[in-house]
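Under this note's numbering, think of the first position of the sequence shown as -14, with each following residue one higher.
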Amino acid sequence: MLPAKIALNWLRYLKGVVFLLALLPLARLLVLGVLDRLGANPVEFVLRSNGTSALTLLLATLAITPLQRWSGAGWLLALRRMLGLFAFFYAVLHVLSYVWLDQWFDWHAIAQDVMEHRYLLVGLLAFLLLIPLALTSTDGMMRRLGNRWRPLHRLVYLAGGLGVVHYLWLVKKDLTLPLAYGVVLGLLLAARLYPARRRSDVMPS
Ligand code: HEM
């Protein structure tokens, strides 16, 4: 076993590295923007990049608990909250790029767009679900909510599912990527449910 101080320093270093890695998609957008290399439709590029980052980081957050259970590496849990908050950060950037760059805060047009396109409605639901999860992710809120914190945070699977449906419904031709996200989400959910079921099998009823 590593002495506690070395382990703590190592964890701090690891968290710093993950923090910088999670900022890479934003840095990429900024660099491409400055170099004027966001393609023929820069708004769509920014919108899509932030949406993909949000969904990818959401799945990465959900992967932490099964990975920790299988490997026994408790330090992995220290990364979960950071990844979850980065998923929310990119979801906010994604929604902001739609509301600002795509629609110029025209709330009437936005309401109409959402009512006309089911993929937008589902995306909106996913985003609304992520807000209370982000707001209750602090240590203080965890303490205040007590036993209610865990069931509330299971809603992250629903948010992920809605994110995948949002992606599936907006894609017109090649469904490979959204389906791949859906399969990964399904596997993560199964990995989460499996040990819980095994535990309940051995518990006296
Ligand atoms: C109010 C909420 C949301 C709105 C208004 C919204 C809107 C949009 C729009 C307009 C697009 C581009 C559609 C196109 O180019 O045809 C898009 C793509 C996407 N969105 Fe959202 N979205 C929302 C929430 C979310 C959330 C919460 C996630 C993830 C958890 C997400 C993930 C994605 C992904 C993965 C794409 C596709 C990216 C790609 O094509 O590479 N969206 N969204």
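Note that CB positions come from ideal geometry on N, CA and C, so glycine has one too.
8 Å Cβ cutoff met for residue i and residue j
i    : j    : result
G167 : V141 : no
T46  : R177 : no
A39  : L173 : no
G69  : S122 : yes
W154 : Y104 : yes
L147 : L137 : no
G24  : H79  : no
F71  : A7   : yes
Burial state of residue i (16 or more Cβ within 10 Å)
i    : result
Y75  : buried
G57  : exposed
P189 : Reliability of the predicted coordinates at P189 is poor, the pLDDT of 46 falling under 50, and the value obtained from them is presented with this limitation in mind. So P189 counts as exposed.
P117 : exposed
F90  : exposed
Straight-line Cα distance separating residue j from residue i
i     : j      : result
W134  : M127   : 6 Å
G125  : Q88    : 37 Å
L32   : A(-11) : 43 Å
H93   : F4     : 37 Å
E101  : N26    : 22 Å
R54   : I(-9)  : 23 Å
N(-6) : R13    : 29 Å
Coil, strand or helix - residue i by DSSP
i     : result
I(-9) : helix
S245  : This structure leaves residue 245 out entirely; the chain is present only between -14 and 190.
R103  : helix
V156  : coil
G57   : coil
W89   : coil
N132  : helix
R192  : In the structure displayed, the chain extends from -14 to 190; residue 192 sits before or after that span and is not available.
G24   : coil
Sufficient close CB pairs (3 or more, under 8 Å) joining the segment 110 to 125 to the segment 14 to 21:
no
So, does the segment -9 to 0 touch the segment 60 to 72, judging by three or more C-beta pairs under 8 Å?
yes
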